[in-house]
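Below is one structure, written out as C-alpha coordinates, with a few remarks after it.
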(Lines of atoms letter the chains of each structure in order from A and count residues from 1; the text may use other names and numbers.)
(Lines give C-alpha, C1' and ligand atoms only; values in the text may rest on other atoms or scores of the structure.)
Protein backbone atom coordinates (compact mmCIF):
# COMPACT_ATOMS: atom_id res chain seq x y z
CA UNK A 1 0.00 0.00 0.00
CA UNK A 2 1.00 3.66 -0.08
CA UNK A 3 3.00 5.03 2.83
CA UNK A 4 3.89 8.65 2.18
CA UNK A 5 3.14 10.42 5.47
CA UNK A 6 0.19 12.80 5.73
CA UNK A 7 -1.61 14.40 8.66
CA UNK A 8 -5.35 14.27 9.09
CA UNK A 9 -8.11 13.71 11.60
CA UNK A 10 -9.81 10.35 12.01
CA UNK A 11 -13.50 10.89 12.58
CA UNK A 12 -16.65 8.83 12.89
CA UNK A 13 -14.98 5.62 14.01
CA UNK A 14 -17.14 2.60 14.79
CA UNK A 15 -17.29 1.68 18.50
CA UNK A 16 -15.32 -1.54 18.92
CA UNK A 17 -14.50 -3.58 22.00
CA UNK A 18 -10.84 -4.38 22.29
CA UNK A 19 -10.22 -8.10 22.19
CA UNK A 20 -9.51 -9.73 25.51
CA UNK A 21 -5.92 -10.80 25.84
CA UNK A 22 -5.31 -14.52 25.68
CA UNK A 23 -1.53 -14.65 25.46
CA UNK A 24 0.17 -17.58 27.10
CA UNK A 25 2.83 -16.24 29.43
CA UNK A 26 5.06 -19.29 29.44
CA UNK A 27 7.74 -19.81 26.85
CA UNK A 28 6.62 -22.33 24.24
CA UNK A 29 8.68 -23.54 21.26
CA UNK A 30 6.95 -21.93 18.30
CA UNK A 31 6.42 -23.47 14.88
CA UNK A 32 9.39 -21.66 13.42
CA UNK A 33 11.65 -22.56 10.52
CA UNK A 34 15.36 -23.08 11.19
CA UNK A 35 17.21 -20.03 9.97
CA UNK A 36 20.09 -20.26 7.50
CA UNK A 37 23.61 -21.14 8.61
CA UNK A 38 25.57 -18.00 9.41
CA UNK A 39 22.59 -16.07 10.74
CA UNK A 40 22.68 -14.67 14.26
CA UNK A 41 20.29 -13.65 17.03
CA UNK A 42 20.45 -11.00 19.75
CA UNK A 43 22.53 -12.00 22.78
CA UNK A 44 19.65 -12.33 25.31
CA UNK A 45 18.64 -15.97 25.80
CA UNK A 46 15.57 -17.44 24.10
CA UNK A 47 13.36 -17.22 27.19
CA UNK A 48 14.12 -13.50 27.52
CA UNK A 49 13.45 -12.89 23.83
CA UNK A 50 10.16 -14.79 23.98
CA UNK A 51 8.99 -12.87 27.04
CA UNK A 52 9.63 -9.60 25.23
CA UNK A 53 7.77 -10.85 22.16
CA UNK A 54 4.69 -12.10 24.01
CA UNK A 55 4.54 -8.97 26.16
CA UNK A 56 4.55 -6.68 23.14
CA UNK A 57 2.17 -8.89 21.16
CA UNK A 58 -0.31 -8.62 24.02
CA UNK A 59 0.00 -4.83 24.03
CA UNK A 60 -0.32 -4.59 20.26
CA UNK A 61 -3.30 -6.92 20.23
CA UNK A 62 -5.17 -4.92 22.88
CA UNK A 63 -4.80 -1.68 20.91
CA UNK A 64 -5.09 -2.69 17.26
CA UNK A 65 -6.77 -6.09 16.84
CA UNK A 66 -10.53 -5.61 17.11
CA UNK A 67 -13.80 -7.40 16.51
CA UNK A 68 -16.30 -5.41 14.47
CA UNK A 69 -17.90 -4.69 11.10
CA UNK A 70 -20.13 -7.75 11.42
CA UNK A 71 -20.50 -10.84 13.52
CA UNK A 72 -17.37 -12.93 13.71
CA UNK A 73 -15.26 -10.34 11.89
CA UNK A 74 -11.81 -9.29 13.07
CA UNK A 75 -9.62 -6.52 11.68
CA UNK A 76 -6.51 -4.51 12.48
CA UNK A 77 -7.74 -1.05 13.42
CA UNK A 78 -5.04 1.28 12.16
CA UNK A 79 -6.76 4.01 14.16
CA UNK A 80 -6.91 1.90 17.31
CA UNK A 81 -4.47 4.20 19.09
CA UNK A 82 -6.41 7.34 18.14
CA UNK A 83 -3.67 8.50 15.78
CA UNK A 84 -4.03 9.29 12.07
CA UNK A 85 -3.63 6.62 9.44
CA UNK A 86 -1.01 7.59 6.89
CA UNK A 87 -0.43 6.60 3.31
CA UNK A 88 -2.96 8.40 1.14
CA UNK A 89 -5.92 6.55 2.62
CA UNK A 90 -9.37 8.06 3.18
CA UNK A 91 -9.86 10.47 6.07
CA UNK A 92 -12.01 8.08 8.11
CA UNK A 93 -9.86 5.01 7.49
CA UNK A 94 -10.17 2.15 9.96
CA UNK A 95 -7.91 -0.33 8.16
CA UNK A 96 -6.02 -1.13 4.97
CA UNK A 97 -5.18 -4.43 3.31
CA UNK A 98 -1.52 -4.11 4.30
CA UNK A 99 -2.57 -4.01 7.95
CA UNK A 100 -4.87 -6.98 7.41
CA UNK A 101 -1.98 -8.99 6.03
CA UNK A 102 0.21 -8.12 9.00
CA UNK A 103 -2.58 -9.13 11.38
CA UNK A 104 -3.07 -12.49 9.71
CA UNK A 105 0.67 -13.16 9.75
CA UNK A 106 0.87 -12.24 13.42
CA UNK A 107 -2.05 -14.37 14.59
CA UNK A 108 -1.00 -17.54 12.78
CA UNK A 109 2.67 -17.24 13.76
CA UNK A 110 1.81 -16.45 17.39
CA UNK A 111 -0.57 -19.40 17.69
CA UNK A 112 1.76 -21.29 20.04
CA UNK A 113 1.53 -18.36 22.44
CA UNK A 114 -2.11 -17.34 21.93
CA UNK A 115 -4.96 -19.77 22.59
CA UNK A 116 -7.34 -17.48 20.69
CA UNK A 117 -5.25 -17.25 17.52
CA UNK A 118 -7.30 -19.64 15.39
CA UNK A 119 -10.58 -17.87 16.11
CA UNK A 120 -9.03 -14.48 15.43
CA UNK A 121 -7.49 -15.67 12.19
CA UNK A 122 -10.84 -16.99 10.95
CA UNK A 123 -12.42 -13.65 11.82
CA UNK A 124 -9.85 -11.97 9.63
CA UNK A 125 -10.62 -14.38 6.79
CA UNK A 126 -14.28 -13.35 7.03
CA UNK A 127 -13.37 -9.67 6.89
CA UNK A 128 -11.16 -10.35 3.86
CA UNK A 129 -14.11 -12.04 2.12
CA UNK A 130 -16.29 -9.01 2.87
CA UNK A 131 -13.96 -6.66 0.99
CA UNK A 132 -12.94 -8.05 -2.41
CA UNK A 133 -11.09 -5.85 -4.84
CA UNK A 134 -13.13 -4.77 -7.82
CA UNK A 135 -10.81 -6.63 -10.19
CA UNK A 136 -11.00 -10.07 -8.55
CA UNK A 137 -12.47 -11.58 -5.36
CA UNK A 138 -9.12 -13.24 -4.80
CA UNK A 139 -7.65 -9.82 -3.96
CA UNK A 140 -8.59 -7.42 -1.17
CA UNK A 141 -9.85 -3.86 -1.58
CA UNK A 142 -7.05 -1.88 -0.01
CA UNK A 143 -8.91 0.70 2.15
CA UNK A 144 -11.90 0.46 4.52
CA UNK A 145 -13.55 3.36 6.34
CA UNK A 146 -15.63 4.11 9.44
CA UNK A 147 -18.94 2.71 8.17
CA UNK A 148 -17.16 -0.57 7.35
CA UNK A 149 -17.40 -0.04 3.59
CA UNK A 150 -14.57 0.33 1.10
CA UNK A 151 -13.19 3.81 0.57
CA UNK A 152 -14.14 5.74 -2.54
CA UNK A 153 -12.49 5.88 -5.92
CA UNK A 154 -10.77 9.16 -5.02
CA UNK A 155 -8.28 6.96 -3.13
CA UNK A 156 -8.78 3.87 -5.32
CA UNK A 157 -10.46 2.25 -2.33
CA UNK A 158 -11.73 -0.81 -4.22
CA UNK A 159 -8.40 -1.44 -5.95
CA UNK A 160 -5.77 -3.76 -4.51
CA UNK A 161 -2.34 -3.21 -2.99
CA UNK A 162 0.15 -5.93 -3.84
CA UNK A 163 1.86 -6.18 -0.45
CA UNK A 164 -1.34 -6.86 1.47
CA UNK A 165 -2.42 -9.58 -0.92
CA UNK A 166 0.96 -11.31 -0.83
CA UNK A 167 1.00 -11.36 2.97
CA UNK A 168 -2.58 -12.62 3.22
CA UNK A 169 -1.82 -15.45 0.78
CA UNK A 170 1.31 -16.41 2.74
CA UNK A 171 -0.69 -16.37 5.98
CA UNK A 172 -3.30 -18.67 4.41
CA UNK A 173 -0.56 -21.19 3.58
CA UNK A 174 0.76 -20.97 7.12
CA UNK A 175 -2.77 -21.60 8.41
CA UNK A 176 -3.12 -24.63 6.15
CA UNK A 177 0.10 -26.04 7.56
CA UNK A 178 -0.88 -25.33 11.16
CA UNK A 179 -4.61 -26.06 11.32
CA UNK A 180 -5.36 -28.06 8.18
CA UNK A 181 -8.32 -27.55 5.87
CA UNK A 182 -11.10 -29.35 7.73
CA UNK A 183 -12.38 -26.40 9.76
CA UNK A 184 -14.49 -23.42 8.77
CA UNK A 185 -12.21 -22.52 5.86
CA UNK A 186 -10.12 -24.47 3.38
CA UNK A 187 -7.03 -22.33 3.78
CA UNK A 188 -5.16 -24.06 0.98
CA UNK A 189 -7.90 -23.33 -1.55
CA UNK A 190 -8.09 -19.74 -0.29
CA UNK A 191 -4.35 -19.32 -0.81
CA UNK A 192 -4.31 -20.83 -4.28
CA UNK A 193 -7.24 -18.67 -5.37
CA UNK A 194 -5.34 -15.62 -4.17
CA UNK A 195 -2.09 -16.65 -5.85
CA UNK A 196 -3.86 -17.09 -9.19
CA UNK A 197 -5.42 -13.64 -8.80
CA UNK A 198 -2.08 -12.06 -7.89
CA UNK A 199 -0.42 -13.52 -10.98
CA UNK A 200 -3.33 -12.35 -13.13
CA UNK A 201 -3.62 -8.79 -11.82
CA UNK A 202 -0.51 -7.78 -9.86
CA UNK A 203 2.29 -9.34 -11.91
CA UNK A 204 3.27 -8.48 -15.46
CA UNK A 205 4.26 -11.97 -16.53
CA UNK A 206 5.96 -11.25 -19.87
CA UNK A 207 8.52 -9.13 -18.07
CA UNK A 208 8.28 -10.80 -14.65
CA UNK A 209 7.50 -7.46 -13.05
CA UNK A 210 5.79 -7.11 -9.69
CA UNK A 211 3.23 -4.33 -10.03
CA UNK A 212 2.15 -1.99 -7.23
CA UNK A 213 -1.51 -3.00 -7.49
CA UNK A 214 -4.18 -4.22 -9.87
CA UNK A 215 -4.90 -0.62 -10.88
CA UNK A 216 -1.45 -0.24 -12.46
CA UNK A 217 -2.45 -2.45 -15.39
CA UNK A 218 -5.48 -0.57 -16.66
CA UNK A 219 -6.85 2.87 -17.43
CA UNK A 220 -4.97 5.89 -16.13
CA UNK A 221 -3.03 3.59 -13.82
CA UNK A 222 -1.21 2.12 -16.83
CA UNK A 223 1.20 5.05 -16.47
CA UNK A 224 2.65 3.05 -13.59
CA UNK A 225 2.78 -0.33 -15.33
CA UNK A 226 6.59 -0.26 -15.53
CA UNK A 227 6.90 0.51 -11.81
CA UNK A 228 7.61 -1.62 -8.77
CA UNK A 229 7.96 -0.90 -5.05
CA UNK A 230 10.93 -2.16 -3.05
CA UNK A 231 8.81 -2.85 0.04
CA UNK A 232 7.06 -5.58 -1.98
CA UNK A 233 10.27 -7.56 -2.60
CA UNK A 234 9.08 -10.64 -0.69
CA UNK A 235 11.38 -13.24 -2.18
CA UNK A 236 10.88 -15.68 0.69
CA UNK A 237 7.14 -15.56 -0.01
CA UNK A 238 7.74 -16.33 -3.67
CA UNK A 239 9.98 -19.29 -2.82
CA UNK A 240 7.23 -20.68 -0.59
CA UNK A 241 4.55 -20.08 -3.23
CA UNK A 242 6.59 -22.00 -5.79
CA UNK A 243 7.23 -24.87 -3.39
CA UNK A 244 3.60 -25.20 -2.33
CA UNK A 245 2.04 -24.82 -5.80
CA UNK A 246 4.73 -26.18 -8.14
CA UNK A 247 4.36 -23.01 -10.26
CA UNK A 248 7.81 -21.89 -11.39
CA UNK A 249 6.54 -18.47 -12.36
CA UNK A 250 7.10 -17.48 -8.75
CA UNK A 251 10.77 -18.45 -9.05
CA UNK A 252 11.06 -16.50 -12.29
CA UNK A 253 9.59 -13.46 -10.54
CA UNK A 254 11.98 -13.97 -7.63
CA UNK A 255 14.97 -14.06 -9.97
CA UNK A 256 13.76 -10.98 -11.85
CA UNK A 257 13.48 -8.99 -8.63
CA UNK A 258 16.99 -9.95 -7.59
CA UNK A 259 18.12 -8.76 -11.02
CA UNK A 260 16.43 -5.39 -10.50
CA UNK A 261 18.01 -5.08 -7.06
CA UNK A 262 21.46 -5.81 -8.45
CA UNK A 263 21.12 -3.31 -11.30
CA UNK A 264 19.81 -0.49 -9.12
CA UNK A 265 22.28 -1.21 -6.34
CA UNK A 266 25.34 -1.33 -8.58
CA UNK A 267 24.41 1.83 -10.47
CA UNK A 268 22.80 4.05 -7.85
CA UNK A 269 23.80 2.87 -4.36
CA UNK A 270 26.97 0.75 -4.47
CA UNK A 271 28.23 2.18 -1.16
CA UNK A 272 24.99 2.26 0.84
CA UNK A 273 22.97 -0.67 -0.52
CA UNK A 274 19.82 1.46 -0.22
CA UNK A 275 16.80 0.90 -2.44
CA UNK A 276 14.32 3.62 -3.47
CA UNK A 277 10.66 3.56 -2.54
CA UNK A 278 9.72 3.15 -6.21
CA UNK A 279 11.64 1.81 -9.19
CA UNK A 280 10.65 2.74 -12.75
CA UNK A 281 11.89 1.83 -16.21
CA UNK A 282 11.08 -1.86 -15.92
CA UNK A 283 11.96 -4.34 -17.18
CA UNK A 284 15.02 -3.22 -19.13
CA UNK A 285 16.23 0.00 -17.48
CA UNK A 286 15.33 -0.02 -13.79
CA UNK A 287 16.10 3.23 -11.99
CA UNK A 288 14.81 5.26 -9.03
CA UNK A 289 11.52 7.02 -9.64
CA UNK A 290 11.73 10.78 -10.17
CA UNK A 291 10.59 13.16 -7.47
CA UNK A 292 6.81 13.54 -7.43
CA UNK A 293 6.26 10.43 -9.52
CA UNK A 294 3.46 8.97 -7.40
CA UNK A 295 3.46 9.92 -3.73
CA UNK A 296 5.84 12.79 -3.12
CA UNK A 297 9.26 14.36 -3.31
CA UNK A 298 11.05 11.24 -2.09
CA UNK A 299 9.63 8.59 -4.42
CA UNK A 300 13.18 7.87 -5.59
CA UNK A 301 14.69 7.89 -2.10
CA UNK A 302 14.97 5.38 0.73
CA UNK A 303 11.91 6.47 2.66
CA UNK A 304 8.70 5.17 4.27
CA UNK A 305 8.07 2.44 1.70
CA UNK A 306 11.65 1.23 1.32
CA UNK A 307 12.00 1.10 5.10
CA UNK A 308 10.59 -2.45 4.87
CA UNK A 309 13.12 -3.59 2.25
CA UNK A 310 15.77 -4.81 4.79
CA UNK A 311 13.12 -6.93 6.53
CA UNK A 312 11.68 -8.46 3.38
CA UNK A 313 15.05 -9.32 1.85
CA UNK A 314 16.52 -10.29 5.21
CA UNK A 315 13.78 -12.88 5.62
CA UNK A 316 14.80 -14.48 2.35
CA UNK A 317 18.31 -15.05 3.63
CA UNK A 318 17.06 -16.32 6.99
CA UNK A 319 14.51 -18.72 5.48
CA UNK A 320 16.24 -19.85 2.28
CA UNK A 321 19.90 -18.92 2.70
CA UNK A 322 19.94 -17.21 -0.70
CA UNK A 323 23.34 -15.56 -1.10
CA UNK A 324 21.82 -12.85 -3.30
CA UNK A 325 20.01 -11.54 -0.23
CA UNK A 326 23.25 -11.56 1.76
CA UNK A 327 25.07 -9.72 -1.02
CA UNK A 328 22.35 -7.07 -1.25
CA UNK A 329 22.12 -6.41 2.48
CA UNK A 330 25.75 -6.57 3.54
CA UNK A 331 26.63 -3.06 2.26
CA UNK A 332 23.39 -1.67 3.69
CA UNK A 333 24.17 -3.09 7.12
CA UNK A 334 27.75 -1.80 7.02
CA UNK A 335 26.66 1.66 5.91
CA UNK A 336 23.90 1.84 8.56
CA UNK A 337 26.38 0.92 11.30
CA UNK A 338 28.84 3.51 10.07
CA UNK A 339 26.44 6.39 9.45
CA UNK A 340 24.89 6.03 12.92
CA UNK A 341 28.14 5.11 14.71
CA UNK A 342 26.26 2.11 16.03
CA UNK A 343 23.46 4.19 17.57
CA UNK A 344 20.05 3.25 16.08
CA UNK A 345 18.40 6.48 17.22
CA UNK A 346 20.57 8.38 14.75
CA UNK A 347 19.08 6.62 11.72
CA UNK A 348 17.03 9.03 9.60
CA UNK A 349 13.63 8.33 8.07
CA UNK A 350 14.59 9.43 4.54
CA UNK A 351 17.91 9.13 2.72
CA UNK A 352 19.07 9.83 -0.79
CA UNK A 353 20.56 6.68 -2.26
CA UNK A 354 24.04 8.12 -1.76
CA UNK A 355 23.44 8.09 1.99
CA UNK A 356 22.72 11.78 2.48
CA UNK A 357 19.66 12.36 4.70
CA UNK A 358 16.81 14.45 3.34
CA UNK A 359 16.87 18.02 4.66
CA UNK A 360 13.55 17.54 6.46
CA UNK A 361 14.21 13.99 7.66
CA UNK A 362 13.33 12.89 11.15
CA UNK A 363 15.21 10.30 13.17
CA UNK A 364 14.66 7.41 15.58
CA UNK A 365 11.52 6.03 13.90
CA UNK A 366 10.58 2.47 14.86
CA UNK A 367 9.39 1.71 11.32
CA UNK A 368 13.05 1.97 10.26
CA UNK A 369 14.87 0.66 13.33
CA UNK A 370 12.78 -2.52 13.53
CA UNK A 371 13.35 -3.45 9.90
CA UNK A 372 17.13 -3.01 10.19
CA UNK A 373 17.06 -5.48 13.08
CA UNK A 374 16.07 -8.29 10.73
CA UNK A 375 18.71 -7.45 8.12
CA UNK A 376 21.38 -7.36 10.83
CA UNK A 377 20.75 -11.06 11.51
CA UNK A 378 22.41 -12.18 8.29
CA UNK A 379 26.02 -12.02 9.47
CA UNK A 380 28.04 -12.25 12.70
CA UNK A 381 29.85 -9.00 11.86
CA UNK A 382 26.60 -7.27 12.86
CA UNK A 383 26.36 -8.74 16.39
CA UNK A 384 26.92 -5.52 18.34
CA UNK A 385 24.72 -3.61 15.91
CA UNK A 386 21.98 -6.23 16.20
CA UNK A 387 22.12 -6.06 20.00
CA UNK A 388 21.81 -2.27 19.88
CA UNK A 389 18.89 -2.46 17.46
CA UNK A 390 17.12 -5.08 19.58
CA UNK A 391 17.58 -2.99 22.73
CA UNK A 392 16.19 0.09 21.00
CA UNK A 393 13.25 -1.85 19.61
CA UNK A 394 12.38 -3.84 22.72
CA UNK A 395 12.46 -0.80 25.02
CA UNK A 396 10.29 1.54 22.92
CA UNK A 397 6.84 2.01 24.55
CA UNK A 398 3.89 1.28 22.30
CA UNK A 399 2.36 4.69 23.09
CA UNK A 400 5.31 6.47 21.47
CA UNK A 401 4.61 5.00 18.03
CA UNK A 402 1.63 4.70 15.69
CA UNK A 403 0.08 1.69 13.97
CA UNK A 404 2.82 1.55 11.34
CA UNK A 405 5.79 1.67 13.68
CA UNK A 406 4.23 -0.65 16.24
CA UNK A 407 3.09 -3.22 13.70
CA UNK A 408 6.43 -3.34 11.90
CA UNK A 409 8.03 -3.73 15.33
CA UNK A 410 5.83 -6.77 15.96
CA UNK A 411 6.73 -8.25 12.56
CA UNK A 412 10.43 -7.75 13.32
CA UNK A 413 10.16 -9.20 16.82
CA UNK A 414 8.53 -12.37 15.49
CA UNK A 415 11.42 -12.76 13.04
CA UNK A 416 14.25 -11.81 15.37
CA UNK A 417 13.08 -14.16 18.14
CA UNK A 418 13.14 -17.08 15.71
CA UNK A 419 9.40 -17.53 15.19
CA UNK A 420 8.98 -16.50 11.55
CA UNK A 421 7.60 -19.63 9.90
CA UNK A 422 7.70 -21.20 6.45
CA UNK A 423 4.48 -22.83 5.22
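Numbering (the numbering used here), first residue to last: 66 to 488. All C-beta atoms in this analysis are idealised placements derived from N, C-alpha and C, irrespective of residue type, glycine included.
Counting along the chain, the unbroken alpha helix (DSSP H) around residue 398 starts and ends at 388–405.
Taking each of 323, 131, 298 and 242 in turn and checking the Cα distance to residue 229, the smallest one comes out for 298.
Counting along the chain, residue 159 sits inside no alpha helix (DSSP H); it lies in the beta strand (DSSP E) bounded by residues 158–161. Between residue 386 and residue 442, the gap from beta carbon to beta carbon reaches 8 angstroms or more. For the segment 235–301, the full-length alpha helix (DSSP H) segments reaching 4 residues or more read 252–266 along the chain. Ranked by how close their Cα comes to the Cα of residue 149, the residues 137, 328, 253 and 211 have 211 in first place.
Taking C-beta atoms under 8 angstroms as the contact rule, residue 363 and residue 415 qualify, at a distance of about 5 angstroms. Taking a contact to require three or more Cβ pairs closer than 8 angstroms, the segment 176–183 and the segment 128–142 do not qualify as touching. In the structure shown, the three-state DSSP call for residue 305 is helix. Runs of the alpha helix (DSSP H) lying entirely within the segment 336–394, each at least 4 residues long, are 374–385 in chain order. Taking each of 102, 168 and 157 in turn and checking the Cα distance to residue 128, the smallest one comes out for 168.
Burial is judged here by how many other beta carbons sit within 10 angstroms of a residue's own beta carbon; residue 419 has fewer than 16 and is exposed.
Contact check between the segment 394–412 and the segment 320–327: fewer than three CB pairs, one atom from each, fall below 8 angstroms, which does not count as touching. One Cα belongs to residue 308, the other to residue 425, and the distance between them is close to 44 angstroms. Pairing residue 434 with residue 160, the inter-Cα distance amounts to about 23 angstroms. A check of alpha carbon separations from residue 264 across 316, 245 and 214 identifies 316 as the nearest.
Assigned with DSSP and collapsed to three states, residue 331 falls in helix. In the DSSP assignment, residue 208 falls within the beta strand (DSSP E) that extends over 208–210. Each of 367, 346, 349 and 356 was checked against the Cα of residue 337, and the nearest Cα belongs to 367.
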